[in-house]
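Protein chains in written order, with the working numbering: chain A, 986 to 1180; chain B, 986 to 1180. Beta carbons are placed, not taken as given, at the ideal position from N, Cα and C, and that holds for glycine. Data block below; observations after.
Number of protein chains: 2
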Amino acid sequence: MSAAAALTPERILEATEEVLRRYGPTKATVVDVARALGVSHGSVYRHFPSKAALREAVTDRWLGRTVGVLERITAEPGRPAAEKLAAWLAALFEAKRHKAGDDPELFATYTVLLAENSRVVDAHLSELVAQLARIVAEGADAGEFSVPDVPAAARAVFDATGRFHDPQYAPEWSRPEIAAAFEAVSALVIRGLRA
Amino acid sequence: MSAAAALTPERILEATEEVLRRYGPTKATVVDVARALGVSHGSVYRHFPSKAALREAVTDRWLGRTVGVLERITAEPGRPAAEKLAAWLAALFEAKRHKAGDDPELFATYTVLLAENSRVVDAHLSELVAQLARIVAEGADAGEFSVPDVPAAARAVFDATGRFHDPQYAPEWSRPEIAAAFEAVSALVIRGLRA
DNA sequence: CGGATGACAGATTTCAATATTTGTCATTCG
DNA sequence: CGAATGACAAATATTGAAATCTGTCATCCG
């Protein structure tokens, strides 16, 4: 075994994130990633078939990080569905708003990656809608919500709150009125589900 | 008076629309507009202070055309507010979907103009939200809706249905599932207003 | 022998020279 | 005299030649 750690997909992804953070989505090259790892760019191609695949994997990782917090809220037992739904929507908005506000450049970088990788994004969105469906189904079982078609309702909730999680609206999230606008939509949608 | 009709802002706007349709937003120049009118480009600048102002005026005109249909629905007397609101939202979606579907290139051209002219767009959106507020207020007065803050509720309805009128989502509007998704959000939102 | 290398061809991006466009205004025209 | 013109400077866009990057693969190294 050599002095440096073995070259793994994991290490390559880490380095790619760093390079993207430093150079942005247009300037970051595979050669940069290889240089950051102290290997030739040919070695990177041993673990990822293309630059596109590498960027896709990084995008997937980034999206995955948000899902954990939401999953915890979804799985929380013994809490009214309406409250849980409100908490879930607020957590999603909060997470996005922080990512966008803390480091706008990095957020812009990932917004570009998101646009490039619609397959990964679609899978991520499906996962989020599936979590919503679990909460909505819980509410329906408890008689809290009156919902004929749970998946459709979950999708509708997600669509209706798009302004507060779709990155295209990120510039609006730093405006002061945004909190009130979010509360209004969140409340409207939850009322719409009620029995 | 010369043989040709007098040069008016109206005629210039017409010619500008035609040039934008033909050449698209990046290639359309003030010289092209002047050529279409058979005058020198200096004459165009007698009626509009800049190319930006000209494009802004064209954008305003284009947005104005949709408002008429919606205003007629808003003003219709003796109709339940819930029904009116459903019709209004459906009409807005229908209008956008047709504009986008009938001539995608022209729609793309105007999408670029919209992005350039956020002042005009904001004014247009305010007008739409004001119409929504009238319908919501009617419903509240009739005891059909239970709404503590009418302007906020109107804004929330508009925000929640963004996926079906914001041009950024236009590519989704040709998908077959879109009608069901629209119905689901529309119904959810209207239920959320109900007393 | 399995993993890493770097030379290479084709694709893509950059950059600077060149051309076009915007906006002004002194002059012309009816 | 008021509206229209077109020459012009500054700003912007286009182009194509040079540089860089992606992806492959014959070769090397431990």
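Which value, in whole angstroms, describes the spacing of the CA atoms of residue i and residue j?
i: Val1097 (chain A); j: Ala1125 (chain B); result: 44 Å
i: Lys1081 (chain B); j: Arg1140 (chain B); result: 19 Å
i: Ala1172 (chain A); j: Ala1013 (chain B); result: 46 Å
i: Val1029 (chain A); j: Lys1084 (chain A); result: 29 Å
i: Ala1115 (chain B); j: Glu1168 (chain A); result: 20 Å
i: Ser1159 (chain A); j: Arg1031 (chain A); result: 42 Å
i: Leu1110 (chain B); j: Gly1023 (chain A); result: 53 Å
i: Ala1138 (chain B); j: Ala1166 (chain A); result: 9 Å
i: Glu1079 (chain A); j: Glu1002 (chain B); result: 43 Å
i: Met986 (chain B); j: Ile997 (chain B); result: Here Met986 (chain B) scores only 42 on pLDDT, less than 50, and its place in the model should not be relied on; the value that follows carries that caveat. So the two alpha carbons sit approximately 18 Å from each other.
i: Pro1152 (chain B); j: Glu1101 (chain B); result: 14 Å
i: Ala988 (chain A); j: Tyr1008 (chain A); result: Interpretation of Ala988 (chain A) is limited by its pLDDT of 48, a score under 50 that renders its predicted location unreliable; the figure taken from the coordinates is listed afterwards. Distance between the alpha carbons of Ala988 (chain A) and Tyr1008 (chain A): 28 Å.
i: Leu1117 (chain A); j: Gly1027 (chain B); result: 59 Å
i: Pro1089 (chain A); j: Glu1157 (chain B); result: 27 Å
i: Glu1162 (chain A); j: Gly1086 (chain B); result: 34 Å
i: Arg1046 (chain B); j: Ala1108 (chain A); result: 40 Å
i: Ala999 (chain B); j: Ala1060 (chain B); result: It should be pointed out that residue 999 (chain B) corresponds to Glu in this sequence rather than to Ala. Approximately 30 Å between the Cα atoms of the pair.
i: Thr993 (chain A); j: Asp1134 (chain B); result: 56 Å
i: Val1132 (chain B); j: Ser1103 (chain B); result: 30 Å
i: Val1052 (chain B); j: Gly1053 (chain A); result: 44 Å
i: Glu995 (chain A); j: Ser1025 (chain A); result: 17 Å
i: Pro1136 (chain B); j: Pro1136 (chain A); result: 31 Å
What residues are listed by DSSP as bridge partners for residue i?
i: Arg1179 (chain A); result: A:Phe1130
Tell whether a beta-carbon distance below 9 Å holds between residue i and residue j.
i: Leu1113 (chain B); j: Leu1055 (chain B); result: yes
i: Arg1179 (chain A); j: Glu1129 (chain A); result: yes
i: Val1170 (chain A); j: Asp1144 (chain B); result: yes
i: Ile1175 (chain B); j: Gly1177 (chain A); result: yes
i: Phe1033 (chain A); j: Ala1021 (chain A); result: no
i: Leu1039 (chain A); j: Val1016 (chain A); result: no
i: Ala1127 (chain A); j: Pro1062 (chain A); result: no
i: Val1004 (chain B); j: Thr1044 (chain B); result: no
i: Leu1077 (chain A); j: His1150 (chain A); result: yes
i: Ala1155 (chain A); j: Phe1092 (chain A); result: yes
i: Leu1074 (chain A); j: Thr1146 (chain A); result: yes
i: Ala1072 (chain B); j: Ile1058 (chain B); result: yes
i: Thr1094 (chain B); j: Arg1148 (chain B); result: no
i: Lys1069 (chain B); j: Glu1123 (chain B); result: yes
Where do the N-terminal and C-terminal ends of the alpha helix (DSSP H) with residue i fall, by residue?
i: Thr993 (chain B); result: Thr993 (chain B) -> no alpha helix (DSSP H), and no H or E assigned at all.
i: Trp1047 (chain A); result: 1036–1060
i: Asp1144 (chain B); result: 1135–1145
i: Trp1158 (chain B); result: Run containing Trp1158 (chain B): none; DSSP gives neither H nor E here.
i: Ser1028 (chain B); result: 1026–1032
i: Asp1087 (chain B); result: 1066–1087
i: Arg1020 (chain B); result: 1015–1022
For the ligand FAD, is there any heavy atom lying closer than 8 Å to the beta carbon of residue i?
i: Val1142 (chain B); result: This structure lacks the ligand FAD; in fact it carries no ligand of any kind.
> For the region 1135–1162 of chain A, which residues have a beta carbon sitting closer than 8 Å to at least one beta carbon of chain B?
Replying inline: Ala1137, Ala1138, Arg1140, Ala1141, Val1142, Asp1144, Ala1145, Thr1146, Gly1147, Arg1148, Gln1153
>> Which residues of the region 996–1025 of chain A have a Cβ closer than 8 Å to any Cβ of chain B? Give them in chain order.
In response: none
>> Closer than 8 Å between beta carbons: that is the criterion. Which residues of the region 1038–1058 of chain A meet it against chain B?
In response: none
> What are the residues of the region 1094–1116 of chain A that lie near chain B, defined by any Cβ-Cβ distance shorter than 9 Å?
Replying inline: none
>> For the region 1074–1092 of chain A, list every residue whose C-beta sits within 8 Å of some C-beta in chain B, in sequence order.
In response: none
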